[in-house]
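> The structure follows.
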Amino acid sequence: MSLALVPAPSSVEQLSGAPFRLTENTRLTGDPDAAATLSALLRARTGSAPADGGGPAIDLRLESGGAAESYRLTADEASVTVSGADAAGLFYGVQTLAQLLRRDGDDWIVPAVRIDDAPRFPYRGVMLDVARHFHSVETVKAYIDHAATLKLNALHLHLSDDQGWRLQLHSRPKLTELGSSSAVGGDAGGFYTKDGYREIVAHAASRHMLVVPEIDMPGHTHAIGLAYPELVEEPVLSDLIRDSAAARGEDLPENGVPYQGIAVGFSSLRIYDEATYDFAADVFGELAGMTPGPYLHLGGDEALGTPDDDFALFVSRVSGIIADLGKTPVAWHEAGLAPDLADTTVGQYWGYATPTDGMDDKARAFVRNGAQLILSPADAIYLDMAYPDGPDLGLTWANGPTSVRRAYDWEPGSLIDGVDDDDILGIEAPLWSETARTLADIETLAFPRIAAAAEAGWSPATGASELRTWESFRARAAGLGPLWSSLGIRFHPSPEIDWATE
Ligand code: ACM
Numbered sequence: 001m002s003l004a005l006v007p008a009p010s011s012v013e014q015l016s017g018a019p020f021r022l023t024e025n026t027r028l029t030g031d032p033d034a035a036a037t038l039s040a041l042l043r044a045r046t047g048s049a050p051a052d053g054g055g056p057a058i059d060l061r062l063e064s065g066g067a068a069e070s071y072r073l074t075a076d077e078a079s080v081t082v083s084g085a086d087a088a089g090l091f092y093g094v095q096t097l098a099q100l101l102r103r104d105g106d107d108w109i110v111p112a113v114r115i116d117d118a119p120r121f122p123y124r125g126v127m128l129d130v131a132r133h134f135h136s137v138e139t140v141k142a143y144i145d146h147a148a149t150l151k152l153n154a155l156h157l158h159l160s161d162d163q164g165w166r167l168q169l170h171s172r173p174k175l176t177e178l179g180s181s182s183a184v185g186g187d188a189g190g191f192y193t194k195d196g197y198r199e200i201v202a203h204a205a206s207r208h209m210l211v212v213p214e215i216d217m218p219g220h221t222h223a224i225g226l227a228y229p230e231l232v233e234e235p236v237l238s239d240l241i242r243d244s245a246a247a248r249g250e251d252l253p254e255n256g257v258p259y260q261g262i263a264v265g266f267s268s269l270r271i272y273d274e275a276t277y278d279f280a281a282d283v284f285g286e287l288a289g290m291t292p293g294p295y296l297h298l299g300g301d302e303a304l305g306t307p308d309d310d311f312a313l314f315v316s317r318v319s320g321i322i323a324d325l326g327k328t329p330v331a332w333h334e335a336g337l338a339p340d341l342a343d344t345t346v347g348q349y350w351g352y353a354t355p356t357d358g359m360d361d362k363a364r365a366f367v368r369n370g371a372q373l374i375l376s377p378a379d380a381i382y383l384d385m386a387y388p389d390g391p392d393l394g395l396t397w398a399n400g401p402t403s404v405r406r407a408y409d410w411e412p413g414s415l416i417d418g419v420d421d422d423d424i425l426g427i428e429a430p431l432w433s434e435t436a437r438t439l440a441d442i443e444t445l446a447f448p449r450i451a452a453a454a455e456a457g458w459s460p461a462t463g464a465s466e467l468r469t470w471e472s473f474r475a476r477a478a479g480l481g482p483l484w485s486s487l488g489i490r491f492h493p494s495p496e497i498d499w500a501t502e
C-alpha cells in the first residue's frame, strides 16, 4: 500500500515490523516548537493530543549536519524519531508524520518506516492575489497554515493591481486612503495596516515561510492613479480590451474612477517623470523595512500600455532601486530582456509548459545574467484556472480548464531549454483572485492542485524516483483527503482521484 506522502520524499523504506501505536501514554519529547506543531496536528486528526504519559516516545530533535530543510524520520513499534537538520526540516518531518498517521480499528498508528528527505529546490512558493479581491489577515494566515503542510516555504503577496492597493504605507498614505476601496465586480476592497502585514509576516515565519511582497509596475497601476493621478498615463484601450470588456458587460477603465473589471494591460506609470522613481523608492524603501525576507517583487508583467523601450528603462531603474536597498529584486519574465536590469534580479516565468511567443527567451535572459528563475507555468500551476469538473469558480484563459493531472505532468528541469536545476531557484503556484472571494474559494481552487506544485518543488525530478509518476501521485494524494478534511481544508474532491474516506 502506498503511503499518503505528498510531496514524495527523496527516500522511503517501509519496514516489516509492527507499527507504532499512539496511546494516551505516548510521550512527546524534544523540541518544544515542533511538539506544539505536532500536538495541534494530532488534535485535529485524532481528536486528542498525547498528554505527558510515561509510554513510548515520539522524539522530535534538531540534529545539525544535514542539508537545509532536511529531516529523517524513523518509526517502529517502540518509538518514532524525527530529526531535522534545522527548525524548518524538523517542521517538515512533523508534517510528514501527520501524513503517515492512519486508523487501525480504534487505534491510530504510524507504520514502521524510515524516511530520509530533503527539498530539490530552495524556493517553493504560492502566490495570493489580494488586489482583485482583498483577503483578510485571517484568510491569509489560514492559507499559510494549509500550504505549509505541503512543505511550501514562500508566500508571494500580489499587493497592488488596477482594482486596488492593499498595503498601508506611511510614506504614501493616499494609496490606501483613496486607492483601496474597490475590487472586482463592485465587491468590497480593503487593505492591510502595517501591523496587519507584520502579523502575516510573523505568522508565515512561524510556519517557516517567507513573505515576498509584490508591487506590480509599471502596468497594473490604475489604483495608484486614484491616489496620485500625476504618476499615471491615460489608459491604453486596445480593441481586445474594448471587445472583452463589452462581452463581459464591464465599464472601460477611466482615470480617477475605481476599476472593477478584469481587463489587463491598459495602465502605465509615467516613465519619463522623476516623480515615478521617487514613488518607487518610497514604496520599496518602506516595504524593505517591513519585510525580513530577501525578495521584493516589482511585477513587470503585461505592461501593454508601456512602449517596449520605456518598459526596459523602467524595470532596469526600479530593479536598481531594490538592489540598492540590499534586497533581491524579482520580476515577471517580461523584464528579462531589459539590458540594464540589476544582475541579481530573479525572473518569474509564467508562460506555458510548452513555451510560446518568445517567453522562454525572456526567461533565459535572467539565467544569462547569472540570475535564477522561479517557474510558474500558467497552464499547469495557475491555481485560479477552472477545473474541468469543478464548481463554478476560476478562469480559463491559460489553456484552461486545468486538470489535476495537468498540474502534475510537467518537469521543472525540462520546462525551458537551457534552464537546468542550478538555474532554478524554485517553483511557485499563483492564485489570481478575479473569481476567488472567500477562503473557501481559494482552498477549493488550490487543493488538490497545490499538492502537484509542491511535489514539483520538493521531490526528486521526474524519472529520478519511482514515486514521481501521475499514478503514484494520484494514489498518494487520495490518502490525504481525510487529513485535509480534519484540518478544515475545503478541497475540490476531483474525480481524477479516488479519495480515501478514512
Ligand atoms: C501574469 O499572469 N500576468 C503574471
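Residue numbers (the working numbering): 1 to 502. Here a beta-carbon is modelled for each residue, glycine too, at the ideal position from N, C-alpha and C. Please read these numbers as outputs of a predicted model, since none were measured by experiment.
(1) Output the distance between the C-alpha atoms of I489 and I144, rounded to the nearest integer angstrom.
(2) Applying the 10 Å Cβ sphere with the 16-neighbour rule, what's the burial state of G358?
(3) From the DSSP output, which residues share a beta bridge with I58?
(4) What are the complete alpha helix (DSSP H) segments, minimum 4 residues, inside the stretch 139-194?
(5) Helix or strand or just coil, what does DSSP make of D216?
(6) For M385, which three-state DSSP category applies?
(7) Is G418 helix, strand or coil when you go by DSSP?
(8) Measure the alpha-carbon distance for G300 versus L41 and round it to whole angstroms.
(9) Going along the chain, which residues of its own chain have a beta-carbon closer than 7 angstroms to the beta-carbon of L226, five neighbours each way excluded?
(10) List the whole-angstrom C-beta distance separating W470 from D420, where the pair is believed to meet the contact cut-off of C-beta under 8 angstroms.
(11) I need the straight-line Cα distance from D162 to E77, nearest angstrom please.
(12) Let's test the definition: count the other Cβ atoms within 10 Å of the Cβ of A34 and tell me whether it reaches 16, buried, or not, exposed.
(13) In this structure, does DSSP put S11 in helix, strand or coil?
(14) Apply the 10 Å Cβ neighbour rule to T149 and answer buried if 16 or more other Cβ atoms are within range, or exposed otherwise.
(15) If you count every other CB in all the chains shown that lies within 10 Å of the CB of P7, and 16 or more means buried, which is it?
(16) Who are the Cβ neighbours of T74 in its own chain at under 6 angstroms, not counting the five residues just before and after it?
(17) Compute every distance between the C-beta of A331 and the non-hydrogen atoms of the ligand ACM, then say whether any falls below 8 angstroms.
(18) Look at the Cβ atom of H220, then the Cβ atom of V283, and state whether they are nearer than 9 angstroms.
(19) Quick one: residues in its chain with C-beta nearer than 6 angstroms to the C-beta of G457, no 5 flanking neighbours on either side, listed in chain order?
(20) Verify the contact flag: V264, CB atom, against every heavy atom of the ligand ACM, threshold strictly below 8 angstroms.
(21) Spatial neighbours of T46 within its chain, please: CB distance less than 8 angstroms, with the 5 preceding and 5 following residues excluded, ordered by chain position.
(22) Would you mind giving the Cβ-Cβ distance between Y510 and F191, rounded to the nearest angstrom? I have them listed as a contact below 8 angstroms.
(23) Using the three-state DSSP reduction, which class does P495 fall into: helix, strand or coil?
(24) Report the option in L487, G196, L415 and E502 whose CA atom is closest to the CA atom of T462.
(25) Taking C-alpha atoms, which residue in P111, G105 and D117 lies nearest to A88?
(26) Using only the alpha-carbon positions, how far apart do A451 and R406 sit?
(27) Is DSSP giving F121 helix, strand or coil here?
(28) Taking 9 angstroms as the cut-off, decide whether the C-beta atoms of T345 and A331 are in contact.
(29) Any heavy atom of the ligand ACM inside 8 angstroms of the beta-carbon of Y352?
(30) How close, in whole Å, do the beta carbons of I271 and T306 come, if the pair is a contact with beta carbons under 8 angstroms?
(31) Does the distance between the C-beta of P9 and the nearest non-hydrogen atom of the ligand ACM fall short of 8 angstroms?
(32) Going by beta carbon distance, what residues of the same chain come within less than 7 angstroms of S10, once the five residues before and after it are set aside?
(33) Use the C-beta contact count for R132: other C-beta atoms within 10 angstroms, 16 or more gives buried, fewer gives exposed.
(34) Which whole-angstrom value describes the C-beta separation of L554 and L237, a residue pair presumed to lie in contact below a C-beta threshold of 8 angstroms?
(35) Out of S2, A44 and G55, which has the shortest C-alpha to C-alpha gap to L28?
Looking at the atomic coordinates:
(1) As a position in the sequence shown, residue 489 is number 489, starting the count at 1. As a position in the sequence shown, residue 144 is number 144, starting the count at 1. I489 and I144: Cα-Cα distance of roughly 12 angstroms.
(2) The count along the sequence shown starts at 1 and reaches residue 358 at position 358. When all chains shown are included, G358 counts as exposed.
(3) Locating residue 58 in the sequence shown gives position 58, counting from the first residue. DSSP lists L28 and V80 as partners of I58.
(4) 174-179
(5) For the purposes of this step, residue 216 is taken as residue 216 along the sequence shown, with counting starting at 1. If DSSP states are grouped into helix, strand and coil, D216 belongs with the strands.
(6) Taking the sequence shown and counting its residues from 1, the one referred to as residue 385 is at position 385. Reduced to three states, the DSSP call for M385 is strand.
(7) In the sequence shown, the residue the question calls residue 418 occupies position 418. Reduced to three states, the DSSP call for G418 is coil.
(8) Along the sequence shown, one-based indexing puts residue 300 at 300. Along the sequence shown, one-based indexing puts residue 41 at 41. Roughly 40 angstroms separates the two Cα atoms.
(9) What you label residue 226 is simply residue 226 of the sequence shown in a count that begins at 1. These residues qualify, in order along the chain: L178, G179, G256 and P258.
(10) On the sequence shown, position 470 is the one that residue 470 refers to. On the sequence shown, position 420 is the one that residue 420 refers to. Between D420 and W470 the Cβ distance is about 23 angstroms, and since that is not below 8 angstroms, they are no contact.
(11) Indexing the sequence shown from 1 puts residue 162 at position 162. Indexing the sequence shown from 1 puts residue 77 at position 77. The straight-line gap from Cα to Cα measures roughly 58 angstroms.
(12) In the sequence shown, the residue the question calls residue 34 occupies position 34. Label assigned to A34: buried.
(13) Sequence index remark: in the sequence shown, residue 11 carries index 11 (1-based). Strand, per DSSP.
(14) Taking the sequence shown and counting its residues from 1, the one referred to as residue 149 is at position 149. It counts as buried.
(15) Here residue 7 refers to the residue found at position 7 when the sequence shown is read from its first residue. P7 comes out buried.
(16) Within the sequence shown, the letter at position 74 stands for residue 74. Hits under 6 angstroms: T81 and R114.
(17) Position 331 of the sequence shown, counted from the first residue, corresponds to residue 331. Result no, Cβ not under 8 angstroms from the ligand ACM.
(18) The residue you call residue 220 lines up with position 220 of the sequence shown. The residue you call residue 283 lines up with position 283 of the sequence shown. No; because the gap between Cβ atoms is not below 9 angstroms, this pair is not in contact.
(19) For the purposes of this step, residue 457 is identified with residue 457 of the sequence shown, where counting begins at 1. Cβ neighbours of G457 beyond the five flanking positions: F121, R124, G426 and I427.
(20) Taking the sequence shown and counting its residues from 1, one reaches residue 264 at position 264. V264: yes, Cβ under 8 angstroms from the ligand ACM.
(21) Stepping through the sequence shown from its first residue, residue 46 is reached at position 46. Same-chain partners within the cutoff: L22, L101 and W108.
(22) What the structure shows of the chain is the stretch from 1 to 502, and residue 510 is not part of that stretch, so it cannot be assessed.
(23) Locating residue 495 in the sequence shown gives position 495, counting from the first residue. Coil, per DSSP.
(24) Within the sequence shown, the letter at position 462 stands for residue 462. Out of L487, G196, L415 and E502, L415 has the C-alpha closest to the C-alpha of T462.
(25) Reading the sequence shown from its first residue, position 88 is the one you call residue 88. Looking at the Cα atoms, D117 is the closest of the given residues.
(26) One-based indexing of the sequence shown puts residue 451 at position 451. One-based indexing of the sequence shown puts residue 406 at position 406. Taking the straight line joining both Cα atoms gives about 12 angstroms.
(27) In the sequence shown, the residue the question calls residue 121 occupies position 121. Coil.
(28) Numbered from its first residue, the sequence shown carries residue 345 at position 345. Numbered from its first residue, the sequence shown carries residue 331 at position 331. Against a cut-off of 9 angstroms, the Cβ pair of A331 and T345 comes out as a contact.
(29) The residue labelled residue 352 in the question sits at position 352 within the sequence shown. No.
(30) Taking the first residue of the sequence shown as 1, we reach residue 271 at position 271. Taking the first residue of the sequence shown as 1, we reach residue 306 at position 306. With 8 angstroms as the limit, I271 and T306 qualify as a contact, their Cβ atoms being about 7 angstroms apart.
(31) Position 9 of the sequence shown holds residue 9. P9: no, Cβ never under 8 angstroms from the ligand ACM.
(32) The residue you call residue 10 lines up with position 10 of the sequence shown. For S10, where only same-chain residues beyond five positions count, the Cβ hits under 7 angstroms are D116, D117, A118 and P460.
(33) Translated into the one-based positions of the sequence shown, residue 132 becomes position 132. Buried, since its Cβ has 16 or more Cβ neighbours within 10 Å.
(34) Residue 554 is absent from the structure shown; the chain starts at 1 and stops at 502.
(35) For the purposes of this step, residue 28 is taken as the residue at position 28 of the sequence shown. Answer by Cα proximity: G55.
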